[in-house]
Amino acid sequence: MHNFLLHGLSDKKWLLLVALFSMTPVYAVNNGSISRAQFTTRIEDREPVDQVLVLNNNITTLYFFTDVRNMQGRTVTHIWEYKGQVMAKKRFSIKGPRWRVFSQKELDPSMTGMWTVIVKDDRGWPLAVSVFRYVDRESGEKTAILPVSKK
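In case it helps, this note's numbering puts the sequence shown at residues -16 to 134.
Structure representation (structure tokens):
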């Protein structure tokens, strides 16, 4: 159903929609939160180097980064989905008041389209959702990768 809803959008409108949903709001759960959740092409010193919105398929390794706050003693899971099918799951035990975790996915270049990661807590409650679009490099669609400011 979501493909039907997005089919008629121009690239500019689609990128704006993705940017709005990919912002890093805080999700509060029992005094815990997800302060950042994003796709990135690389992790350095446990931090994302950029934020991926649209990626062409000459890049086949992608990471999903999550900054978890005040959820020590609990778990979070990254669930990678493609076209509604679960492609990978990675579970993390949170061991401190600020815990940064990331999962890595090797992407098949033929699997273009919308990809989603859902971050769920140990009760299955969704804490964050992020989407990116994987495009064929031959299609002429532009990659959209935003820089991340250094803290």
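By construction, the Cβ of each residue, glycine as well, lies at the ideal position given by its N, Cα and C atoms.
| query | result |
| --- | --- |
| S93 (DSSP reduced to helix, strand or coil) | coil |
| Paired residues, beta bridge with E124 - DSSP | Note: E124 sits in no beta bridge, so no partner. |
| Euclidean distance between Cα positions of R83 and D104 | 15 Å |
| Proximity below 7 Å, CB of Q21 to CB of Y46 | no |
| Strand pairing of I62, partner residues [DSSP] | K72, I101 |
| Reduced DSSP secondary structure (H/G/I, E/B, other) of T43 | coil |
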